[in-house]
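A.B. asks: In the order they appear, the protein sequences are chains A and B.
Residues 1 to 333 (the UniProt record's numbering) make up the first sequence, in order.
Residues 1 to 333 (the UniProt record's numbering) make up the second sequence, in order.
Heads up, the beta-carbon is just placed ideally off N, CA and C, and yes, glycines get one too.
Number of protein chains: 2
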Amino acid sequence: MATMSDIAREAGVSLSTVSYALSGKRTISESTRERINAAITRLSYHPHAGARALASQRAGAIGLAVPLAEDVDAHVVMMFVRSLMRAAHDASSEILLIAGEDHEATERVLAEGRVDALVVMDVVEDDPRIPVLAEATRPVVLLGYPSDARGIPRVDFDFEEASILAVTELHRRGARRLVMIGSPAATQSRHATYADRATRGFRTACSRLGLSARHVVHDHEVDPTRELIHSVLAQDRPDALIIHNESALPAIHRALTAEGVEMPGDLQVVAIAPRETTLLGAVEYTAVQIPVEEIGQTAVAVATDLIEGRDGPRDQLIAPALIARDTTHPVHG
Amino acid sequence: MATMSDIAREAGVSLSTVSYALSGKRTISESTRERINAAITRLSYHPHAGARALASQRAGAIGLAVPLAEDVDAHVVMMFVRSLMRAAHDASSEILLIAGEDHEATERVLAEGRVDALVVMDVVEDDPRIPVLAEATRPVVLLGYPSDARGIPRVDFDFEEASILAVTELHRRGARRLVMIGSPAATQSRHATYADRATRGFRTACSRLGLSARHVVHDHEVDPTRELIHSVLAQDRPDALIIHNESALPAIHRALTAEGVEMPGDLQVVAIAPRETTLLGAVEYTAVQIPVEEIGQTAVAVATDLIEGRDGPRDQLIAPALIARDTTHPVHG
DNA sequence: ATGAAAGCGCTAACAG
DNA sequence: CTGTTAGCGCTTTCAT
Numbered sequence: 001m002a003t004m005s006d007i008a009r010e011a012g013v014s015l016s017t018v019s020y021a022l023s024g025k026r027t028i029s030e031s032t033r034e035r036i037n038a039a040i041t042r043l044s045y046h047p048h049a050g051a052r053a054l055a056s057q058r059a060g061a062i063g064l065a066v067p068l069a070e071d072v073d074a075h076v077v078m079m080f081v082r083s084l085m086r087a088a089h090d091a092s093s094e095i096l097l098i099a100g101e102d103h104e105a106t107e108r109v110l111a112e113g114r115v116d117a118l119v120v121m122d123v124v125e126d127d128p129r130i131p132v133l134a135e136a137t138r139p140v141v142l143l144g145y146p147s148d149a150r151g152i153p154r155v156d157f158d159f160e161e162a163s164i165l166a167v168t169e170l171h172r173r174g175a176r177r178l179v180m181i182g183s184p185a186a187t188q189s190r191h192a193t194y195a196d197r198a199t200r201g202f203r204t205a206c207s208r209l210g211l212s213a214r215h216v217v218h219d220h221e222v223d224p225t226r227e228l229i230h231s232v233l234a235q236d237r238p239d240a241l242i243i244h245n246e247s248a249l250p251a252i253h254r255a256l257t258a259e260g261v262e263m264p265g266d267l268q269v270v271a272i273a274p275r276e277t278t279l280l281g282a283v284e285y286t287a288v289q290i291p292v293e294e295i296g297q298t299a300v301a302v303a304t305d306l307i308e309g310r311d312g313p314r315d316q317l318i319a320p321a322l323i324a325r326d327t328t329h330p331v332h333g
Numbered sequence: 001m002a003t004m005s006d007i008a009r010e011a012g013v014s015l016s017t018v019s020y021a022l023s024g025k026r027t028i029s030e031s032t033r034e035r036i037n038a039a040i041t042r043l044s045y046h047p048h049a050g051a052r053a054l055a056s057q058r059a060g061a062i063g064l065a066v067p068l069a070e071d072v073d074a075h076v077v078m079m080f081v082r083s084l085m086r087a088a089h090d091a092s093s094e095i096l097l098i099a100g101e102d103h104e105a106t107e108r109v110l111a112e113g114r115v116d117a118l119v120v121m122d123v124v125e126d127d128p129r130i131p132v133l134a135e136a137t138r139p140v141v142l143l144g145y146p147s148d149a150r151g152i153p154r155v156d157f158d159f160e161e162a163s164i165l166a167v168t169e170l171h172r173r174g175a176r177r178l179v180m181i182g183s184p185a186a187t188q189s190r191h192a193t194y195a196d197r198a199t200r201g202f203r204t205a206c207s208r209l210g211l212s213a214r215h216v217v218h219d220h221e222v223d224p225t226r227e228l229i230h231s232v233l234a235q236d237r238p239d240a241l242i243i244h245n246e247s248a249l250p251a252i253h254r255a256l257t258a259e260g261v262e263m264p265g266d267l268q269v270v271a272i273a274p275r276e277t278t279l280l281g282a283v284e285y286t287a288v289q290i291p292v293e294e295i296g297q298t299a300v301a302v303a304t305d306l307i308e309g310r311d312g313p314r315d316q317l318i319a320p321a322l323i324a325r326d327t328t329h330p331v332h333g
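Pasting the structure below:
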């Protein structure tokens with residue numbers, strides 16, 4: 001393996017010149033740069049990541065604590081991983097994976113300087129990791145919005161406003177008896193912040209508007225969706241449904257179809273979910289779209305600012321927008 | 001941040017003694033070890049990963065090239081990621097993620113010594129990465145079985161034998177007209193080795209046994225599964241179905257149910273898929289189970305052997321086994 | 001059973 | 001615009 005001194009000798013310059021040529025932190029004459037680049041190509045040189053990390057105190061990697069629990073939709077997790085990889089790539093960093101459940105490893109990668117920052121997915125209210133990570137010597141960013149983050153920056157989609165928006169827009173479209181199908185039971189009882197906040201928004205908005213509100217927990221793996229939908233429809237004849245559960249969307253769509261429900265005629269439906277998951281067969285659901293790509297980019301941007309010592313915005317709640325498609329009425333107004 | 005010399009001073013020993021105490025590469029007296037450990041706790045010392053990597057020429061990480069394409073089932077990918085994380089953890093390594101599509105980054109992490117080895121998922125026949133990775137200075141393990149790997153060790157489930165087993169066992173159970181529903185079109189046209197090998201096994205076994213064989217490509221995102229199943233059943237009245245397509249399993253199950261197909265009475269079905277994906281509603285499909293955990297462990301074991309300079313087994317095809325459940329007849333023998 | 005010291009391959013002052 | 005040099009925090013010979 002060629003080292004930087006090999007390049008220096010080969011190009012007839014000093015070690016530091018090569019270093020500066022690579023980092024661009026000082027102006028190098030055209031001719032020297034060319035000789036250096038030639039040498040680099042000739043010897044197929046690649047800087048050693050460890051050496052660079054030691055000397056620069058930068059690992060060039062961002063840690064990502066991913067949820068491995070079964071109740072978290074794998075497809076959605078992968079969407080986040082993708083978006084974070086892209087963002088990290090643009091910041092010329094790599095992504096080091098950590099099992100979200102492995103708190104010990106999570107702290108370790110930070111303490112060992114293996115990563116320059118840590119992004120934590122699937123944060124829960126009173127997350128046991130928060131007090132520990134708040135003391136970390138390197139930046140941490142929560143992908144989630146617990147009420148007390150002990151000063152750790154939080155980045156998330158505003159699930160509370162998302163529910164409020166869904167309710168409000170359904171109300172504007174004539175809905176009066178709303179049902180929300182929320183996250184799986186396991187997610188709810190863990191108090192994942194996105195589940196808690198979405199539920200709260202739903203309750204708040206309904207009571208504010210004086211609407212009948214029913215919140216149903218749906219466990220995709222267990223519940224026979226068909227029966228759930230049947231009973232939901234039988235009781236109180238709801239005229240609108242809000243679905244915040246990506247895994248259950250396809251099954252719910254089929255159940256609704258099987259029940260002969262006309263959308264939006266019999267029932268208006270709004271999904272709170274990433275765009276990719278709201279296209280089911282021929283129907284595109286009206287949705288408050290979760291902007292996964294933007295969330296990922298924002299998280300990495302916050303992390304990068306902190307790594308660089310810049311102090312940009314910390315807490316960031318990304319505002320929701322409703323995209324009206326096939327399953328809601330137009331607003332008559 | 002405390003360094004090793006801090007610990008040495010605090011414990012009243014030399015730097016190297018601390019190092020050896022940590023690595024266990026030399027015997028340390030009980031009393032010194034205790035003082036060292038006390039100092040480590042007191043100063044909450046953590047070895048610096050970069051420094052260690054530089055001095056030891058070991059990154060303490062394994063790279064994982066994950067497929068990000070839409071046609072690869074996210075749930076299955078996450079299962080592999082999980083199993084590799086567990087295996088890496090047991091080998092005290094971390095997992096560095098690389099986008100499988102980013103060939104440049106894939107080579108770079110190896111060349112920069114950022115990882116000690118690389119595991120490549122979703123390998124295709126004539127994979128453009130193979131010639132390059134074959135020249136790498138660090139171990140590479142393919143999670144896939146291309147016919148020419150240029151000497152790179154391959155680890156995979158034996159999809160060819162899996163299909164053969166499925167056919168043979170269906171034949172033993174009286175099936176004569178078989179249909180196989182394979183991977184999505186995109187996967188097939190990329191020639192993912194698991195798709196190619198499964199298809200080949202199916203064809204081989206059917207012709208060997210003189211069975212009617214039909215191979216259907218199923219594109220979950222596009223095909224109306226209902227119609228596909230309807231036409232499959234209408235044509236030639238198959239008496240057995242082999243499904244090698246995790247994403248499509250739920251939809252196929254519903255379509256079969258909707259068609260009023262009795263399993264195994266009207267149709268015997270064998271899935272080639274991980275166990276977690278073959279439980280659909282009340283029905284547990286007879287399956288040639290893909291042992292994700294074992295595949296992951298094996299891949300990391302091969303990588304670890306290579307890193308350590310041991311030469312263990314390289315190419316490894318994991319043998320299939322059929323687990324008879326609800327969708328096949330018993331063997332009348 | 002323990003120390004002393006020479007690197008590992010880079011970055012970033014400091015010096016011109 | 002370029003060179004010299006002192007570390008970064010570990011691992012690992014040599015010595016004793």
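Could you tell me whether the Cβ of Ala53(B) comes closer than 8 Å to any Cβ of chain A?
C.D. replies: Within the second sequence, residue 53(B) is the residue found at index 53, counting from 1. By this cut-off, Ala53(B) is an interface position.
A.B. asks: Within 8 Å (strictly less), CB to CB, does His48(A) reach chain B?
C.D. replies: On the first sequence, position 48 is the one that residue 48(A) refers to. Interface residue, yes.
A.B. asks: According to DSSP, Phe157(B) sits in a beta bridge with which residue or residues?
C.D. replies: One-based indexing of the second sequence puts residue 157(B) at position 157. DSSP, once it has assigned bridges, lists Ile318(B) as partnering Phe157(B).
A.B. asks: Where do the N-terminal and C-terminal ends of the beta strand (DSSP E) with Thr286(B) fall, by residue?
C.D. replies: Residue numbering aside, residue 286(B) sits at position 286 when the second sequence is read from its first letter. Segment 286-289, the beta strand (DSSP E) holding Thr286(B).
A.B. asks: Any idea what DSSP makes of Ile152(B), helix, strand or coil?
C.D. replies: Position 152 of the second sequence, counted from the start, is the residue given in the question as residue 152(B). Three-state DSSP puts Ile152(B) in coil, outside helix and strand.
A.B. asks: Going by CA-CA distance only, name the one from Ile152(A), His46(A), Gln57(A) that's closest to Ala136(B).
C.D. replies: Position 136 of the second sequence holds residue 136(B). When only C-alpha atoms are compared, the closest one is His46(A).
A.B. asks: In the DSSP assignment, find the beta strand (DSSP E) that holds Leu96(B) and state where it starts and stops.
C.D. replies: For this step, residue 96(B) is matched to residue 96 along the second sequence. Looking at the DSSP string, the run of the beta strand (DSSP E) that includes Leu96(B) is 94-99.
A.B. asks: So, are the CB atoms of Leu84(A) and Gly63(A) less than 8 Å apart?
C.D. replies: Counting from 1 along the first sequence, the entry for residue 84(A) is found at position 84. Counting from 1 along the first sequence, the entry for residue 63(A) is found at position 63. No, the pair does not count as a contact, with Cβ atoms beyond the cut-off.
A.B. asks: At a Cβ threshold of 8 Å, is Leu228(A) touching chain B?
C.D. replies: On the first sequence, position 228 is the one that residue 228(A) refers to. Answer no: the Cβ-Cβ gap between Leu228(A) and chain B never drops below 8 Å.
A.B. asks: Going by CA-CA distance only, name the one from Asp158(A), Pro146(A), Glu308(A) that's closest to Asp126(A).
C.D. replies: On the first sequence, residue 126(A) is found 126 positions in, with the first residue counted as 1. For Asp126(A), the nearest C-alpha among the options comes from Pro146(A).
A.B. asks: Is it the case that the Cβ atoms of Val72(B) and Asp122(B) are separated by a distance below 8 Å?
C.D. replies: By 1-based counting over the second sequence, the position of residue 72(B) is 72. By 1-based counting over the second sequence, the position of residue 122(B) is 122. Going by C-beta atoms, Val72(B) is nearer than 8 Å to Asp122(B).
A.B. asks: Quick one: what does DSSP say Gly210(B) is sitting in, helix, strand or coil?
C.D. replies: For this step, residue 210(B) is matched to residue 210 along the second sequence. Gly210(B): coil per DSSP, three-state reduction.
A.B. asks: Please state the DSSP three-state secondary structure of His215(A).
C.D. replies: Along the first sequence, one-based indexing puts residue 215(A) at 215. His215(A): strand per DSSP, three-state reduction.
A.B. asks: Leaving out five residues on either side along the sequence, give the residues of the same chain with a beta carbon under 7 Å from the beta carbon of Val331(B).
C.D. replies: Here residue 331(B) refers to the residue found at position 331 when the second sequence is read from its first residue. Arg172, Arg173, listed in sequence order.
A.B. asks: Run through the DSSP bridge pairs and tell me what Arg275(A) is partnered with.
C.D. replies: What you label residue 275(A) is simply residue 275 of the first sequence in a count that begins at 1. Arg275(A) is not bridged to any residue.
A.B. asks: Is there a Cβ from chain A that is less than 8 Å from the Cβ of Pro109(B)?
C.D. replies: As a working note, residue 109(B) is residue 109 in the second sequence. In the sequence as presented, Pro is not what sits at residue 109(B); that position holds Val. Cβ-Cβ to chain A under 8 Å: yes for Val109(B).
A.B. asks: I want to see whether chain A comes within less than 8 Å of His103(B), judged by CB atoms only; does it?
C.D. replies: Residue numbering aside, residue 103(B) sits at position 103 when the second sequence is read from its first letter. It does not; no Cβ of chain A falls within 8 Å.
A.B. asks: With H, G and I counted as helix, E and B as strand and the rest as coil, what does DSSP make of Gly182(B)?
C.D. replies: As a position in the second sequence, residue 182(B) is number 182, starting the count at 1. Note: Gly182(B) maps to strand in three-state DSSP.
A.B. asks: Along the chain, where does the alpha helix (DSSP H) containing Val300(B) start, and where does it finish?
C.D. replies: Working through the second sequence from its first residue, we reach residue 300(B) at position 300. From DSSP, the alpha helix (DSSP H) with Val300(B) extends over 292-308.
A.B. asks: Rounded to the nearest angstrom, what separates Pro224(B) and Arg254(A) at their Cα positions?
C.D. replies: The residue given as residue 224(B) occupies position 224 in the second sequence. The residue given as residue 254(A) occupies position 254 in the first sequence. One C-alpha to the other measures close to 13 Å.
A.B. asks: I want to see whether chain B comes within less than 8 Å of Thr137(A), judged by CB atoms only; does it?
C.D. replies: For the purposes of this step, residue 137(A) is taken as the residue at position 137 of the first sequence. Yes - at least one Cβ of chain B is within 8 Å of the one on Thr137(A).
A.B. asks: Please tell me whether Arg200(B) and Asp315(B) are closer than 8 Å, where the distance is taken between their beta carbons.
C.D. replies: If you number the second sequence from 1, residue 200(B) lands on position 200. If you number the second sequence from 1, residue 315(B) lands on position 315. It is not a contact, given that the beta carbons lie outside the stated cut-off.
A.B. asks: Which stretch, first to last residue, makes up the beta strand (DSSP E) that contains Ala65(B)?
C.D. replies: Residue numbering aside, residue 65(B) sits at position 65 when the second sequence is read from its first letter. Here the beta strand (DSSP E) through Ala65(B) covers 61-66.
A.B. asks: Would you verify that the beta carbon of Gly113(B) is, or is not, closer than 8 Å to some beta carbon of chain A?
C.D. replies: In the second sequence, the residue the question calls residue 113(B) occupies position 113. For Gly113(B), the answer is yes, since a Cβ of chain A falls inside 8 Å of its Cβ.
A.B. asks: Which chain B residues sit within Cβ distance under 9 Å of Ala59(A)?
C.D. replies: Counted from its first residue, the first sequence places residue 59(A) at position 59. Ala49, Gly50, listed in chain order.
A.B. asks: Give me the chain B residues within the contact set of His75(A), using Cβ-Cβ distance strictly less than 8 Å, ordered along the chain.
C.D. replies: Residue mapping note: residue 75(A) aligns to position 75 of the first sequence, counting from 1. The contacting residues are Ala74, His75.
A.B. asks: Tell me which same chain residues have a C-beta within less than 8 Å of the C-beta of Gly113(B), skipping the five on either side of it?
C.D. replies: The residue given as residue 113(B) occupies position 113 in the second sequence. Hits under 8 Å: Ala53, Gln57, Ala59, Arg138.
A.B. asks: What is the C-beta distance between Val300(B) and Ala2(B), in whole angstroms, given that I count them as a contact (C-beta under 8 Å)?
C.D. replies: What you label residue 300(B) is simply residue 300 of the second sequence in a count that begins at 1. What you label residue 2(B) is simply residue 2 of the second sequence in a count that begins at 1. Incorrect: roughly 32 Å between the Cβ atoms, too far for contact.
A.B. asks: So, at 6 Å on beta carbons, what are the nonlocal neighbours of Pro238(A) in its own chain, with the 5 sequence-adjacent residues on each side left out?
C.D. replies: What you label residue 238(A) is simply residue 238 of the first sequence in a count that begins at 1. Within the same chain, Pro238(A) has close Cβ partners Arg177, Val179.
A.B. asks: Pair every Cβ in the segment 157-169 of chain B with every Cβ in the segment 283-297 of chain B, then say whether three or more of these pairs are closer than 8 Å.
C.D. replies: Because the criterion of three Cβ pairs below 8 Å is met, the segment 157-169 of chain B and the segment 283-297 of chain B touch.
A.B. asks: Looking at the strands, I want to know which residues DSSP matches up with Arg172(B).
C.D. replies: Residue 172(B) sits at position 172 when you count from the first residue of the second sequence. DSSP output for Arg172(B) lists no bridge partner at all.
A.B. asks: Measure the CB-CB distance between Ala234(B) and Gln268(B) and report whether it falls below 8 Å.
C.D. replies: Counting from 1 along the second sequence, the entry for residue 234(B) is found at position 234. Counting from 1 along the second sequence, the entry for residue 268(B) is found at position 268. Contact flag unset, no.
A.B. asks: With 8 Å as the C-beta to C-beta threshold (strictly closer), list the residues of the segment 117-147 of chain B near chain A in chain order.
C.D. replies: From the segment 117-147 of chain B, only Thr137 have a Cβ closer than 8 Å to chain A.
A.B. asks: For chain B, find out if any of its Cβ atoms is closer than 8 Å to the Cβ of Leu97(A); answer yes or no.
C.D. replies: For this step, residue 97(A) is matched to residue 97 along the first sequence. Closer than 8 Å: yes.
A.B. asks: Would Ala38(B) be called buried (16 or more neighbouring beta carbons within 10 Å of its own) or exposed?
C.D. replies: Residue numbering aside, residue 38(B) sits at position 38 when the second sequence is read from its first letter. Under this definition Ala38(B) is an exposed residue.
A.B. asks: Note down, in chain order, every chain A residue with its Cβ under 7 Å from the Cβ of Glu10(B).
C.D. replies: Position 10 of the second sequence, counting from 1, holds the residue named residue 10(B). Residues of chain A passing the Cβ test: none, with the nearest at roughly 18 Å.
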